[in-house]
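The opening residue of the sequence shown carries number 1 in my numbering; numbering runs sequentially from there.
We put the beta carbon where it would ideally sit given N, CA and C, even for glycine.
Worksheet: the structure to be examined is printed underneath.
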Amino acid sequence: MALNATIFKATLNISDMDRGYYGEHVLTIARHPSETDERMMVRLLAYVLHAHDALAFGKGLSSDDEPDLWEKDLTGTVKLWIDVGQPDEKRIRRACGRAAQVYVYAYGGHGAALWWNRIRDNIQRNANLTVITLPLSNSQALAKLAQRKMQLHCTIQDSHIWIGDEKETVAIELEMQQTPEAA
Numbered sequence: 001m002a003l004n005a006t007i008f009k010a011t012l013n014i015s016d017m018d019r020g021y022y023g024e025h026v027l028t029i030a031r032h033p034s035e036t037d038e039r040m041m042v043r044l045l046a047y048v049l050h051a052h053d054a055l056a057f058g059k060g061l062s063s064d065d066e067p068d069l070w071e072k073d074l075t076g077t078v079k080l081w082i083d084v085g086q087p088d089e090k091r092i093r094r095a096c097g098r099a100a101q102v103y104v105y106a107y108g109g110h111g112a113a114l115w116w117n118r119i120r121d122n123i124q125r126n127a128n129l130t131v132i133t134l135p136l137s138n139s140q141a142l143a144k145l146a147q148r149k150m151q152l153h154c155t156i157q158d159s160h161i162w163i164g165d166e167k168e169t170v171a172i173e174l175e176m177q178q179t180p181e182a183a
């Protein structure tokens with residue numbers, strides 16, 4: 001018998017002063033049985049960083065043809081493809097061919113560094129690819145915020161990111177590994 005996804009409800013109050021984006025999003029997040037709180041919360045962080053009315057969660061772990069998050073225009077063209085974790089080169093190249101912009105948010109400390117060192121030379125020519133790593137301490141601190149019902153405040157200012165609930169706030173540091181300008 002297959003295990004069902006665990007459903008999480010999140011209310012995000014986002015103040016992104018860098019993009020001039022302010023909004024409240026009420027989300028239902030299905031956490032795959034094999035997904036950890038850490039991975040789910042990194043997906044939520046990616047949502048916060050790219051928040052838009054058209055941004056949606058994909059099928060994620062249960063589908064090879066969909067990203068963790070994506071934004072499509074009204075014609076169905078993929079504008080933004082976001083993967084979380086350490087996708088293989090083939091998946092990244094396929095995403096770069098399908099979407100105008102591709103973001104990969106890697107986490108996992110030393111494992112993420114090893115992954116990036118292994119695939120970096122083979123994917124750097126993708127001009128629409130951004131690869132960002134998240135320090136292990138940050139992704140683990142985000143995981144501690146995971147609850148079945150979450151009310152999170154998210155502030156982004158001068159490239160500094162804070163996400164928190166009523167008890168604790170986590171400062172997030174992103175490490176840019178590749179940006180479209182550097183490709």
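Look at the beta carbons and you see the segment 151-165 touching the segment 9-22: at least three pairs across the two are nearer than 8 angstroms. Contact between the segment 77-96 and the segment 32-47 is present: three or more C-beta pairs spanning the two stretches fall below 8 angstroms. Setting aside the 5 residues that flank it on each side, residue 24 is surrounded in the same chain by 13, each with a C-beta closer than 6 angstroms to its C-beta; the list follows chain order. 52 is the residue among 165, 145, 52 and 113 whose C-alpha sits nearest the C-alpha of residue 20. The beta carbons of residue 175 and residue 119 sit no closer together than 8 angstroms.
For a cut-off of 8 angstroms, the C-beta gap from residue 102 to residue 95 is around 5 angstroms, short enough to register as a contact. Residue 150 carries a strand assignment under DSSP once its states are collapsed to helix, strand and coil.
Per DSSP, the unbroken beta strand (DSSP E) holding residue 164 starts and ends at 160-164. In terms of Cβ geometry, residue 126 and residue 93 form a close pair [threshold 8 angstroms].
Less than 8 angstroms divides the Cβ of residue 139 from the Cβ of residue 107. Around the C-beta of residue 31, 16 or more other C-beta atoms lie within 10 Å, and the residue is accordingly described as buried.
Looking at the DSSP output, residue 3 bridges to nothing. In the DSSP assignment, residue 124 forms no beta bridge with any residue.
According to the DSSP assignment, residue 46 belongs to the alpha helix (DSSP H) that extends over 37-49. Residue 90 sits in a helix when the DSSP states are folded into three classes. Check the Cα spacing between residue 105 and each of 129, 72, 90 and 73: the tightest is with 129.
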